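Colleague: Count the sequence shown with mature numbering (1 follows the signal peptide of the UniProt record, and there is no 0) and you get residues -24 to -1, 1 to 378, in order.
Here a beta-carbon is modelled for each residue, glycine too, at the ideal position from N, C-alpha and C.
All figures in this text were calculated on a predicted structure; none of them were measured in a lab.
Can you read through this structure? Questions will come right after.
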Amino acid sequence: MMVRRTMQWLFFGFVSLPLATASAQVNSPAPEPYLLVRSMRMLQDQVASGRPEALPMLNRVLGHIAEQLRSAKPEVWQKPANAYAIFVYLLNGGNPEVVRTILTSAKLEQIAPKLIAGSLAYADGDSLRVIENFQELPADVPSELAASIYLVTATQLSAIDAGTALKRLDYIRLNAPGTLLEEAALRRGLIIAARLGDKDKVRLLARNYLQRFTFSPYSEDFFRQLVDALMELKDKIGNDEIEEIASLAWPGARLPFYLRLARGAIVSGNLSRARYISERADVLAVALKTDDTQAKLYLAISNVGSDKTGEAKYVLSKLPRERLHDRDVKLLDAATAMAGKILAQPVPQMETPQQAAVKMAPSPASAPARAEAIALEPADPIIDETRKKLDAIDALLGKARK
């Protein structure tokens, strides 16, 4: 009930209220900082759930809370709940200048010095000192604050100790389910789990996100992180397992995911995966009645070098270049050049039985002379030419990646 009243108090000034209610709100005392921050966190959780009106409201509420914290009386910070709320506010998008002023002026004797030092370092953007001071937390730190600290340090910590970083993100998922903290922990855990080679963890995190935060405004970042994780896993995860993950996404999100993954597979040289994914992207684009140019591009590229090279080159020549991003136009040009070189390669003539018999007949030359002849025999020109063309193709693709 108290939090609900605080939410109403926060929204005053942003919504229309009757005059009598407005007058009562103006004369009522400001809620304590811990209630303000708790209300902020509730609004952030609504953002994570996909409520469209919550995000613009959050930005205004954050500014309003900053003003209330700035004008709070010094004795307010002697209450541990209010003191800890300052750190939660900072680590969840709060104004660093406001927090820095409070931390450097208020007497927070009940708060561990490293907690203050780590928070000041975070306000200053000093990631090294943040890790140093937040490496071990006091036992009495509230779980919401611990979760916030674990989240903001996960990326930096993963470069030092990926296993511990992933365990800290698991702590968030267990202790803050359904919140923006969990939503962010799922996103950030993907690439860490992938670098550890844990495909089952990647699948778990992806499944949890798609089942719980489909409409989050940060879902596009999730899909970018997921593609990066799948690229990191390479052949450790199968196409059928990727398809299982993709099936949980709504079709409008699944198509850009397919396209991003197909392009990544092409650039990394995994053409079999690119073919599998781009085929699904092409089918889905047709079903959604949307532009399928990008899907057809990736499918054609994945077929260059196979027995469908001629067909792929024809498809590439018919694609409308104006519908492609500049980086995909470069990829189109590289693939077209590759297909042309492959198709221009002469086809070796099949050897007749008579020619084979002549070759197998014993030569009148002596064994040493024959050995010398073999040693001096030039390399197969077709193989040499093929190698040169493949090197050129690699160079073209290298340029397309940039």
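1) I need the straight-line Cα distance from I168 to E85, nearest angstrom please.
2) In angstroms with no decimal places, state the Cα-to-Cα distance between Y126 and K284.
3) Counting along the chain, where does the alpha helix (DSSP H) carrying V52 start and finish?
4) Whose CA, out of N151, Y274, T77, lies closest to the CA of P50?
5) Using DSSP with H/G/I as helix, E/B as strand and the rest coil, what is Q201?
6) Assuming L292 contacts A271 under a Cβ cut-off of 8 Å, what Cβ separation, rounded to an integer in Å, is found between them?
7) Whose C-alpha, out of A24, E73, I92, G39, is nearest the C-alpha of A59?
8) Taking the alpha carbon of residue 386 as the reference point, which residue from W53, V37, I242, V305 has its own alpha carbon closest?
9) Which whole-angstrom value describes the C-beta separation of S278 and R251, a residue pair presumed to lie in contact below a C-beta threshold of 8 Å?
10) Within a Cβ cutoff of 7 Å, which residues of the same chain sit near N109, ignoring the five residues on either side of it in sequence?
11) Give me, in chain order, the residues of the same chain whose beta-carbon lies closer than 8 Å to that of F233; leave out the 5 immediate sequence neighbours on both sides.
12) So is T197 buried or exposed if we call it buried at 16+ other beta carbons inside 10 Å?
13) In terms of residue numbering, what span does the alpha helix (DSSP H) encompassing V37 cover?
14) Is the separation between the beta-carbon of G165 and that of L145 shorter than 8 Å?
15) Mapping the DSSP letters down to three states, classify G173 as helix, strand or coil.
16) Taking the CB atoms as reference points, tell me whether E255 and L235 lie closer together than 8 Å.
17) May I ask which residues mark the beginning and end of the alpha helix (DSSP H) holding P232?
18) Can you find a C-beta in chain B that's less than 8 Å from the C-beta of A161?
19) Looking at the secondary structure, which residues open and close the alpha helix (DSSP H) in which V262 lies?
20) Just to confirm, is the Cβ distance from A170 to L121 under 8 Å?
21) Tell me the DSSP secondary structure of D309 in three-state form.
22) Which class does R183 belong to by DSSP, given the choice of helix, strand or coil?
23) By DSSP, does S282 sit in helix, in strand, or in coil?
24) Would you tell me roughly how many angstroms separate the C-alpha atoms of Q132 and D100, rounded to the nearest one?
25) Short check: CB of N68 to CB of Q20, under 8 Å?
26) Taking DSSP as the reference, what is the three-state secondary structure of I168?
27) According to DSSP, is I221 part of a helix, a strand, or is it coil?
28) Between the Cα of G316 and the Cα atoms of K289, V305, D304, which residue gives the shortest distance?
Modeller: Reading it off the structure:
1) Separation of I168 and E85 (C-alpha to C-alpha, rounded to the nearest whole angstrom) is 37 Å.
2) Between Y126 and K284, the C-alpha separation is close to 51 Å.
3) For V52, no alpha helix (DSSP H) segment is defined, and its DSSP state is neither H nor E.
4) It is T77.
5) Note: Q201 maps to helix in three-state DSSP.
6) Not confirmed; about 13 Å, so no contact.
7) Cα-wise, what sits closest to A59 is I92.
8) As shown, the chain starts at -24 and ends at 378. That puts residue 386 outside it, with no answer to give.
9) Their Cβ separation, rounded to whole angstroms, is 4 Å, which keeps S278 and R251 in contact under 8 Å.
10) Closer than 7 Å at the Cβ level, and outside the excluded window around N109, lie K90, A93, G94, A97.
11) F199, L202, V203, A222, A225.
12) Note on residue identity: the sequence assigns Asp, not Thr, to residue 197. So D197 ends up on the exposed side.
13) Following the DSSP letters along the chain, one finds V37 inside the alpha helix (DSSP H) bounded by residues 30 to 46.
14) Yes, they are a contact pair.
15) G173 falls in the coil class under three-state DSSP.
16) Taking 8 Å as the Cβ cut-off, E255 and L235 do not qualify as a contacting pair.
17) Per DSSP, the continuous alpha helix (DSSP H) segment holding P232 begins and ends at 227 to 244.
18) Protein chains in the displayed structure number just one, and chain B is not present.
19) Counting along the chain, the alpha helix (DSSP H) containing V262 begins and ends at 247 to 264.
20) Going by beta carbons, A170 and L121 fall outside the 8 Å limit.
21) Helix, per DSSP.
22) Helix at R183.
23) S282: coil per DSSP, three-state reduction.
24) When the Cα atoms are used, Q132 and D100 turn out to be separated by approximately 16 Å.
25) Yes, the pair counts as a contact, with Cβ atoms nearer than the cut-off.
26) Correct three-state label for I168: helix.
27) Helix.
28) Minimum Cα-Cα distance from G316 among the listed residues K289, V305, D304 corresponds to K289.
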